[in-house]
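Protein chains in written order, with the working numbering: chain A, 1 to 393; chain B, 1 to 298. The beta carbon of each residue, even a glycine, is placed where N, CA and C say it ideally should be. Following: one structure in structure tokens, then a few remarks.
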């Protein structure tokens, strides 16, 4: 059914349809609306779930770790400092191979404190073992939560998934959404049947100490599973398409790339702005395109290589930084071409929209202008030089 | 002890000889019985019982991190409630004194405040033993540890033990008790009683550590007993906020407890410092009414 909904409320609706038995979260802007709505569903008896209010994000993540280990589908959501406070539990959940879906309402990191949107929070946890999806709009956000539960609980995967949606732009934005029908959700996402759980009839020990004879293989196994995700995602999204009628490649999306001379690579809601600019410029005969990265972990290097190998000029947009080094997405896109015969003449790296700085159509046009020149590294767009003057004795 | 039954913490683990925590943890899980799920904090107990690929636990057991066993147990309890199984299964969260009184205090407070049906057991060996005897919030006054060393201008740890039982009690929970590995029936009775009460419960068990306290492994129970009988470790029991029981003692001088432990050896050159510890014991004896009838406190 098509409905006009705020992003956070839409997330709450799809989570309700996924029927988690335990929900635990700690409030942080801009994640609050989605968990408030879930609390309402529980309070009104519309969702049979244990809603556990906690004293911190560390405990929110620990509660859902415990509930999934006990064999019950669970959910949490956070943002920014909250995700960082969860960080050690985040690694722990992946290391214990516990399937879980977490919504990250992407927000900048303090200091200075900022409640506005960029990708520094989730990007900083890219090495945790979690699968990470970055969504462009609300429909995709809703659909990927559902897809994420299926993927996470697949007995060949058994890894947690972080659905990263831009704070405010998506969490507080309102769009018309085709909410998946609950009966179809039930057919696509059967009840969670854990491979292993805490069970008094079959007592197992979870979370042992692994000495150097054993630890390395556990990390290798997660890495191998990420490769499996690259194989499984297209099949899973095809199945999703058959049930719900919307198709996603699952890893990347190509928008007018086939004949493009200049392609922007980006993640998240900025892709909507980029598409508008592309439509305008295409109308004027300019051959420009977009490669949207949906799956950042696993990183679909092969799909990116295939999509960009014949493109002359590529501009990568990063909404986070690796301060003191190359921007995260750009460095990985470049790495996808290392040692390859075919590659773009130019892969330039642009830093945009840090701490909620608006990314306008003019920002995107500036990127497309600059990518015509020499290769750029960490080129900041919309920087205010007047704020950078040093004023001290 | 139910010696005819298979212990739920199996022998063969790698604890040190004379480890008070290993003995107490077995007594706790045996008292709780097989229908129990345990969430364990990082620490000695976790390390010596579950070095992959082996585990000494005969019940479902999970270790996640140092400070979150109370929160992990909260998730397990919520999952059991969702599944309609909470009535038949006990949930225990447990950790050492550092994992409980210091780094895990916030998660414990959250668990106690939420009213969840979980027993928290703190095994109090009075320092971070797993990392090499650093002081914790439950390290006693004047104890020589690796981060509160006695030196030419120091007698060791400068503060008394953090009052964890009182902190737990302040949450308005239905059951709080201290126990010791020295008095086995009392410890097991308290575990059983706690598990018979719905809601959050807190039990703190005094467990000597031969390595950290620097005493012979054969002295573990004797020293634990001396801690109680000097008044330095009051054995108390609260139900619904009221003190319902204390273990009465005929107070012995604190030297009886201190003398066999290397961590207090430096004090014997300074009687004034021992006097300060006697004052702590006297205060406990008065505060909780520990002295048996007609026995003046020291």
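- Non-local C-beta neighbours of residue 217 (chain B) in its own chain, meaning closer than 6 Å and more than five positions away in sequence, comprise 17, 18 and 210, ordered along the chain.
- Shown here for residue 329 (chain A): same chain residues with a beta carbon closer than 6 Å to its own, the five before and five after excluded, namely 316 and 318 in chain order.
- DSSP places residue 285 (chain B) in the helix class (H, G or I) of the three-state scheme.
- When CB distances to chain B are screened at a threshold of 9 Å, the residues of the region 29–60 of chain A falling below it are 48, 49, 50, 51, 52, 53, 54, 55, 56, 58, 59 and 60, in chain order.
- In this structure, residue 274 (chain A) and residue 283 (chain A) do not form a Cβ contact; the two beta carbons are roughly 15 Å apart against a cut-off of 8 Å.
- The continuous stretches of beta strand (DSSP E) do not include residue 65 (chain B), and DSSP gives it neither H nor E.
- Annotated three-state conformation of residue 220 (chain B) is helix, per DSSP.
- Residue 230 (chain B) and residue 132 (chain A) have their C-alpha atoms spaced approximately 58 Å apart.
- Contact annotation: the region 86–105 of chain B touches the region 39–46 of chain B, with at least three C-beta pairs closer than 8 Å.
- According to DSSP, residue pairing for residue 89 (chain A) in a beta bridge does not occur.
- What residue 62 (chain A) touches in chain B, judged by beta-carbon distance under 8 Å, is 64, 65, 68, 71, 72, 74, 75 and 107, going in chain order.
- Counting C-beta atoms within 10 angstroms of its own C-beta, residue 116 (chain B) has 16 or more neighbours from the protein chains shown and is therefore classed as buried.
- Here the alpha carbon of residue 80 (chain A) sits roughly 15 Å from the alpha carbon of residue 134 (chain A).
- Contact check for residue 167 (chain B) against residue 232 (chain B) fails: the beta carbons are separated by 8 Å or more.
- Per DSSP, the continuous beta strand (DSSP E) segment holding residue 103 (chain A) begins and ends at 101–106.
- Those residues of the region 60–93 of chain A placed with their C-beta closer than 7 Å to a C-beta in chain B are 62, 63, 64, 65, 66, 67, 69, 70, 71, 72, 88, 89 and 92, ordered along the chain.
- Under the three-state reduction of DSSP output, residue 133 (chain B) falls in the coil class, being neither helix nor strand.
- Unbroken beta strand (DSSP E) stretches of 3 residues or longer found wholly inside the region 318–367 of chain A: 346–351, given in chain order.
- When Cβ-Cβ separations below 8 Å define contact, residue 59 (chain B) makes contact with chain A.
- Each residue's CA atom was taken as its position, placing residue 162 (chain B) and residue 109 (chain A) some 35 Å apart.
- Non-local beta-carbon contacts of residue 178 (chain A) in its own chain, meaning distances under 6 Å to residues more than five positions away in sequence, involve 2 in chain order.
- Below 8 Å, too few C-beta pairs join the region 143–155 of chain A and the region 337–355 of chain A to call them touching: fewer than three.
- Contact annotation: residue 73 (chain A) and residue 196 (chain A) have beta-carbon atoms that are not nearer than 8 Å.
- Taking the beta carbon of residue 51 (chain B) as reference, the chain A residues within 9 Å of it are 208, 209, 210 and 211, listed in sequence order.
- Near chain B, meaning a CB-to-CB distance below 8 Å, the residues of the region 1–27 of chain A are 21, 22 and 24.
- Identification of chain B residues near residue 204 (chain A) by a Cβ-Cβ cut-off of 7 Å yields 60, ordered along the chain.
- Here residue 75 (chain B) is near residue 63 (chain A), since their CB atoms are less than 8 Å apart.
- DSSP places residue 60 (chain A) within a helical segment (H, G or I) once states are collapsed to three.
- Judged by their CB atoms, residue 331 (chain A) and residue 118 (chain A) are not nearer to each other than the 8 Å cut-off.
- Identification of chain A residues near residue 89 (chain B) by a Cβ-Cβ cut-off of 7 Å yields 200, ordered along the chain.
- In the displayed model, residue 201 (chain B) falls within a strand according to three-state DSSP.
- Residue 286 (chain B) sits exposed, since fewer than 16 C-beta atoms from the chains shown fall within 10 Å of its C-beta.
- The closest CA to that of residue 190 (chain A), considering only A:229, A:175, A:173 and A:150, is found on A:150.
- Put simply, the backbone Cα of residue 175 (chain A) is about 7 Å away from that of residue 6 (chain A).
- Residue burial annotation: residue 216 (chain A) is exposed, with fewer than 16 other C-beta atoms found within 10 angstroms of its C-beta.
- In the structure shown, the three-state DSSP call for residue 121 (chain A) is helix.
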